[in-house]
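In what follows, a single structure is set out as structure tokens and then discussed.
In the working numbering, the protein residues as written are 3 to 507.
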């Protein structure tokens, strides 16, 4: 057995666990067997991103919620078609795009503004204003408390912008009726009742991405809230990543407990079984996110990385931390080639196109569409293409786009090695881009470490399901009896001097 269950066996697949996976570009609901770890069925809905102005990225909170409800309903229909009893679902986990900021009126339940997505960089002027009042204009001024630099990426800045610029948000806040949440909180509040007793809670992994939680105490920090001028009253209660938060109050899964919540990158770390100090995973999605498990030790980066909470599996369980390197643009650059330049017709077309040339022909691409994240944290940076000649083709640019993802990942790996003092001996990967074998081989060559891609592709949702199924009072998923994922492995083929020469260029 790949995974073990010590809970009650019910139905032909044993106890089941559902996972809501609400990402930047889509929402899915998946159902796993807690015995085998197998995905039995799922449904996916695309979600729309809104671009009102340059560098602004929004989503409709009501549409996000609706997509979750549709996915649950359709997946339950699939179960019935497969003659699997939906009553076998013993728990639900939630994993979500992080930092994305939602505010709503607790008396009406209505959002007061579109969700400001993590990629959005409208808060550059807010960051600038805060830094002007910060000693030495030091973007790392509060990093010892929250693990994060002062940048457009994190929720505190987005919430500050809403309080400063949106009149309705100001008015509702003055009345004491304003609620803030990341996507997990918005979904939890609505799924557990909304206006009728909905729970205003979040988990430690999502809270650790706001800049308002003290990473040592795991509570909202009054000094951080004062620094960013955020009223404590609008913030949700912080809980562990694995406990019964509440119960679904409507729909086909009425009464099922929600018992696991993890930010999407932390969920992928868990789903990849990177639960020992020194293990790391990289997720290739809209952006690129590399997490390195540092165990129960808080490691403050000296090389531009973030210190974040990896997971906390239970109220009294130890807190596990991670170093993180975030790349803003990865898969989004492929979409840019498709939608803006029309170089490819579908995202899958990039692999044969990039593979049709032996190298990028000297073309280099910096995909700083919304600034640069780790290790630079420059919201003012913008994208560039250099090295173009009369011989350059779309194939060279396509290959340069893939190489850019790999070069940025290499930079983060180098920073992690400097901070931890440990050289990584394997990079575990997941995310939509990892189906591209050319990208995976490029990554192994540029990073100089073997790359392991799991044959089980749903690692993010799996992590949320594991957290939910292992919760106290649920106990259908045994985290002490985990087997390694089977993987496709990509081994470096470049000589060290060739690799370094390529990287230095």
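For glycine and all other residues, C-beta sits at the position ideal for the given N, C-alpha and C.
| Item | Value |
| --- | --- |
| So, for residue 309: in the same chain, excluding its five sequence neighbours on each side, which residues have a beta-carbon less than 7 Å away from its beta-carbon? | 149, 217, 300, 301, 302, 303, 323, 325 |
| Determine, using beta carbons only, whether residue 442 and residue 409 come nearer to each other than 8 Å. | no |
| Identify every run of the alpha helix (DSSP H) within the segment 143-200, keeping only runs that are complete inside it and at least 4 residues long; order them along the chain. | 145-148, 157-167, 169-176, 185-193 |
| Would residue 30 be called buried (16 or more neighbouring beta carbons within 10 Å of its own) or exposed? | buried |
| Enumerate, from N- to C-terminal direction, the unbroken beta strand (DSSP E) stretches of 3 or more residues contained entirely within the segment 258-338. | 259-265, 282-286, 290-297, 308-313, 322-329 |
| Can you check whether the CB of residue 297 is closer than 8 Å to the CB of residue 376? | no |
| Nearest to residue 394 by CA position, among 356, 373, 415, is which residue? | 356 |
| Please state whether DSSP places residue 98 in a helix, a strand or coil. | strand |
| Between 385, 282, 214, 365, which has its C-alpha nearest residue 422's C-alpha? | 282 |
| Tell me the DSSP secondary structure of residue 397 in three-state form. | helix |
| When the Cα of residue 36 is compared with those of 24, 486, 464, which residue comes out closest? | 464 |
| How about the segment 443-455 and the segment 426-433: do they share at least three Cβ pairs that are nearer than 8 Å? | yes |
| Enumerate in chain order the residues of its own chain whose CB-to-CB distance from residue 111 is below 6 Å, with the five nearest sequence positions on each side excluded. | 196, 197 |
| Just to confirm my understanding: we take residue 400, look at its own chain, exclude 5 residues before and 5 after, and list those with CB closer than 8 Å. What are they? | 339, 345, 346, 352, 355, 356 |
| State the DSSP-derived secondary structure class of residue 496, mapped to helix, strand or coil. | coil |
| Answer with buried or exposed for residue 2, where buried requires no fewer than 16 other C-beta atoms within 10 angstroms of its C-beta. | For residue 2 there is no data in the structure shown, the boundaries of the chain being 3 and 507. |
| Please confirm if the segment 56-76 is in contact with the segment 177-193, defined as three or more CB-CB distances below 8 Å between the two stretches. | yes |
| Could you pull the DSSP bridge partners for residue 1 from this structure? | Only positions 3 to 507 of the chain appear in this structure, which leaves residue 1 out of reach. |
| Decide if residue 18 is buried, meaning its Cβ has at least 16 other Cβ atoms within 10 Å, or exposed. | buried |
| Whole angstroms is fine: what's the gap from residue 243's alpha carbon to residue 314's? | 5 Å |
| With DSSP run on the structure shown, which of helix, strand or coil describes residue 344? | coil |
| As a quick exercise: from 106, 147, 58, pick the residue whose alpha carbon is nearest that of residue 127. | 58 |
| At least one CB of chain B closer than 8 Å to the CB of residue 492: is that the case? | No chain B is part of this structure, which consists of one protein chain only. |
| Count Cβ pairs between the segment 257-264 and the segment 461-476 that sit closer than 8 Å; are there 3 or more? | yes |
| Just to check my reading of the structure: residue 284 and residue 292 have Cβ atoms closer than 8 Å, yes? What is that Cβ distance to the nearest angstrom? | 4 Å |
| Assuming residue 514 is part of the alpha helix (DSSP H), what are its boundary residues? | As displayed, the chain neither begins before 3 nor continues past 507, which places residue 514 out of reach and without an answer. |
| Between which two residues does the beta strand (DSSP E) carrying residue 124 extend? | First-last for residue 124: undefined, no H or E at that position. |
| Count the other CB atoms, across all protein chains shown, that sit within 10 Å of the CB of residue 348; report buried if there are 16 or more and exposed otherwise. | exposed |
| Pick out the complete beta strand (DSSP E) segments inside the segment 12-40, 3 residues or longer, and give them in chain order. | 18-24, 28-35 |
| Rank 246, 163, 336, 63 by C-alpha distance to the C-alpha of residue 350 and give the top, closest one. | 336 |
| Taking 8 Å as the threshold, find out whether the segment 201-218 comes into contact with the segment 85-104 through three or more Cβ pairs. | yes |
| Three-state secondary structure (DSSP) at residue 413? | helix |
| Out of curiosity, what's the CA-to-CA distance linking residue 184 and residue 392? | 47 Å |
| I'd like the ranges of any beta strand (DSSP E) spanning at least 3 consecutive residues and lying wholly in the segment 61-101. | 91-98 |
| Any idea what DSSP makes of residue 8, helix, strand or coil? | Because the pLDDT at residue 8 is just 46, under 50, the model does not fix this residue reliably, and the point stays unresolved. |
| Taking contact to mean 3 or more Cβ pairs, one atom from each stretch, closer than 8 Å, check whether the segment 147-162 and the segment 74-91 are in contact. | no |
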